[in-house]
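Colleague:
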Amino acid sequence: MEVDLKNIWKRIVAETSNECERDPQISIFLEQHILRFDNFADSLAMLLSVKLGSKHFPPPVLQGLFEDFYHQCPEEVEHAACDLVATQQRDPAAVNYFEIMLFLKGFQALQAYRLAHWFWKNGRKTMAYFMQNRMSEVFAVDIHPAAVIGKGILFDHATSLVIGETAVVEDNVSILHEVTLGGTGKETGDRHPKVRKSVLIGAGAKILGNVEIGEGSKVGAGSVVLDDVPPHYTVVGVPAQIVGKTEVAEPSLDMNQKVVASEVDDDALA
Ligand SMILES: CC(C)(COP(=O)(O)OP(=O)(O)OC[C@H]1O[C@@H](n2cnc3c(N)ncnc32)[C@H](O)[C@@H]1OP(=O)(O)O)[C@@H](O)C(=O)NCCC(=O)NCCS
Numbered sequence: 018m019e020v021d022l023k024n025i026w027k028r029i030v031a032e033t034s035n036e037c038e039r040d041p042q043i044s045i046f047l048e049q050h051i052l053r054f055d056n057f058a059d060s061l062a063m064l065l066s067v068k069l070g071s072k073h074f075p076p077p078v079l080q081g082l083f084e085d086f087y088h089q090c091p092e093e094v095e096h097a098a099c100d101l102v103a104t105q106q107r108d109p110a111a112v113n114y115f116e117i118m119l120f121l122k123g124f125q126a127l128q129a130y131r132l133a134h135w136f137w138k139n140g141r142k143t144m145a146y147f148m149q150n151r152m153s154e155v156f157a158v159d160i161h162p163a164a165v166i167g168k169g170i171l172f173d174h175a176t177s178l179v180i181g182e183t184a185v186v187e188d189n190v191s192i193l194h195e196v197t198l199g200g201t202g203k204e205t206g207d208r209h210p211k212v213r214k215s216v217l218i219g220a221g222a223k224i225l226g227n228v229e230i231g232e233g234s235k236v237g238a239g240s241v242v243l244d245d246v247p248p249h250y251t252v253v254g255v256p257a258q259i260v261g262k263t264e265v266a267e268p269s270l271d272m273n274q275k276v277v278a279s280e281v282d283d284d285a286l287a
């Protein structure tokens, strides 16, 4: 996914200005969080610092950390913009960019994870754990800072989402609330799921162990997945079983949550 940051920011400002005219009572809030900035990164740094600030790290200190992060890693601003666009395109309840930035905690938690992951990669483990803890307290989303997560990700609703230390989530994945990408409790080391590109994971699914969820596959709500899922297949149930091929190459994009019981070839079941 390619994004044009300048155009995205222009659209955010236009949407926000319209809303100020429509409802003047919210205009001070919108002015403070969006309209007084001249770019996406600075506005995002401010609003995340207000969300995640605490007695120990007040918002102005956190704002500085986010600003440093975006300054040193401009690609992370693009990743955040990809997440924003992904959310707008895939979540029918998310119409405007500015509302996603301000109010959708799945998007906000993902950006908090991105800062935590940067601390982790730079050997600042205590700062990374600090961010993980704040994200968990504020958003009820618990992502280990060592987990590797791509761009263009949708965390829809996001409450009770848990992603373990050695998990991988590739680009363009969509994950609903109460999903666990966890260990079985029987393994140590590399013990968490690897979720390949464009996978859709339904609400409440528990994917346990170092299993591979193949590109473009679909996991039904409430499933317990204990084995690899081949690319472009749908699994459902406890424990999860293959029920068919996916209708489209990238189920995460159209969020079609229908379970299709199409022909299953013998290789997939082997
Ligand atoms: C650990 C665990 C995955 C499997 O434990 P196990 O006793 O070694 O079981 P096995 O993997 O040998 O599976 C035995 C059978 O039970 C089934 N099974 C395993 N876990 C299951 C579960 N949670 N729900 C339903 N069936 C399950 C398996 O499919 C298998 O069925 P089969 O014999 O018909 O093939 C399971 O007990 C579990 O869910 N643990 C909790 C892990 C967790 O909460 N992790 C989150 C960390 S954040």
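Counting with the working numbering, you get residues 18 to 287 for the letters of the sequence shown. Heads up, the beta-carbon is just placed ideally off N, CA and C, and yes, glycines get one too.
On the CB-based measure, 16 or more other CB atoms within 10 Å of its CB, does residue 95 come out buried or exposed?
Modeller: The residue is buried, with at least 16 neighbouring Cβ atoms inside 10 Å.
Colleague: For residue 222, collect the residues of the same chain with a Cβ closer than 6 Å to its Cβ; drop the 5 residues on either side in sequence, then sort them by chain order.
Modeller: Result list for residue 222: 196, 236, 240, in chain order.
Colleague: Please work out which residues of its chain come closer than 6 Å, Cβ to Cβ, to residue 162, disregarding the five sequence neighbours upstream and downstream, and give them in chain order.
Modeller: Closer than 6 Å at the Cβ level, and outside the excluded window around residue 162, lie 133, 134, 137, 145, 149.
Colleague: Residue 330 to residue 77, Cα distance in whole Å?
Modeller: Not covered by the structure: residue 330. The range shown for the chain is 18 to 287.
Colleague: Three-state secondary structure (DSSP) at residue 122?
Modeller: Here residue 122 sits in helix by DSSP.
Colleague: Counting only the same chain and skipping the five closest in sequence on each side, list residues whose C-beta sits under 6 Å from that of residue 192.
Modeller: Counting only Cβ-Cβ distances below 6 Å, and skipping sequence neighbours, we find 172, 218.
Colleague: If you compare alpha carbons, which of 206, 213, 74 is closest to residue 169?
Modeller: Considering only alpha carbons, the answer is 213.
Colleague: Within 10 angstroms of its Cβ, does residue 175 collect 16 or more other Cβ (buried), or is it exposed?
Modeller: So residue 175 counts as buried.
Colleague: Tell me residue 242's beta-bridge partners as DSSP assigns them.
Modeller: Residue 242 is bridged to 224.
Colleague: How should residue 49 be labelled, buried or exposed, when 16 other C-beta atoms within 10 angstroms of its C-beta is the threshold for buried?
Modeller: By the neighbour-count rule (16 or more Cβ atoms within 10 Å), residue 49 is not buried but exposed.
Colleague: Going by alpha carbons, who is nearest to residue 37 out of 116, 58, 72?
Modeller: Taking only the C-alpha atoms, the option nearest residue 37 is 116.
Colleague: List the endpoints of the continuous beta strand (DSSP E) containing residue 61.
Modeller: Residue 61 -> not in any beta strand (DSSP E); alpha helix (DSSP H) instead, spanning 57-69.
Colleague: With distances taken Cα to Cα, identify the nearest neighbour of residue 91 among 157, 20, 272, 122.
Modeller: Ranking 157, 20, 272, 122 by Cα distance to residue 91 puts 20 first.
Colleague: From the DSSP output, in three-state form, read off residue 204 for me.
Modeller: It is coil, neither helix nor strand.
Colleague: Tell me which residues share the same chain as residue 111 and place their Cβ nearer than 7 Å to its Cβ, disregarding the 5 neighbours each side in the sequence.
Modeller: Cβ within range, chain order: 104, 105, 117, 121.
Colleague: So, helix, strand or coil for residue 262, using DSSP?
Modeller: Reduced to three states, the DSSP call for residue 262 is strand.
Colleague: How about residue 178 and residue 158: are their beta carbons less than 8 Å apart?
Modeller: Yes, these two residues count as a Cβ contact at 8 Å.
Colleague: From residue 265 to residue 66, what does the alpha carbon distance come to, in whole angstroms?
Modeller: Going from the Cα of residue 265 to the Cα of residue 66 covers about 39 Å.
Colleague: Residues around ligand 1, please: the ones whose beta-carbon is closer than 7 Å to some heavy atom of it, in chain order.
Modeller: Taking each Cβ in turn, the ones that pass are 179, 181, 197, 199, 200, 201, 202, 203, 223, 225, 226, 241, 243, 255, 256.
Colleague: Smallest Cα separation from residue 147: which of 206, 34, 57, 71?
Modeller: Looking at the Cα atoms, 71 is the closest of the given residues.
Colleague: Taking the alpha helix (DSSP H) that residue 199 falls in, what are its first and last residues?
Modeller: Residue 199 -> not in any alpha helix (DSSP H); beta strand (DSSP E) instead, spanning 197-199.
Colleague: Could you compute how far the alpha carbon of residue 324 sits from the alpha carbon of residue 166?
Modeller: Residue numbering for the chain in the displayed model covers 18 to 287; residue 324 lies beyond these limits and cannot be assessed.
Colleague: Quickly, what does DSSP pair residue 143 with across the bridge? List them, please.
Modeller: In the DSSP output, where bridge partners are listed per residue, residue 143 has none listed.
Colleague: Roughly how many angstroms separate the alpha carbons of residue 247 and residue 224, rounded to a whole number?
Modeller: So the two alpha carbons sit approximately 14 Å from each other.
Colleague: Alpha carbon to alpha carbon, how far is residue 83 from residue 53?
Modeller: Those two C-alpha atoms are separated by around 17 Å.
Colleague: When you compare the CB positions of residue 190 and residue 215, do they come within less than 8 Å of one another, or not?
Modeller: It is a contact, given that the beta carbons lie within the stated cut-off.
Colleague: Which two residues bound the contiguous beta strand (DSSP E) that contains residue 78?
Modeller: Not the beta strand (DSSP E): residue 78 falls in the alpha helix (DSSP H), residues 76-89.
Colleague: What is the DSSP secondary structure of residue 160, reduced to helix, strand or coil?
Modeller: Strand, per DSSP.
Colleague: Could you compute how far the alpha carbon of residue 45 sits from the alpha carbon of residue 34?
Modeller: In a straight line, the C-alpha of residue 45 is about 11 Å away from that of residue 34.
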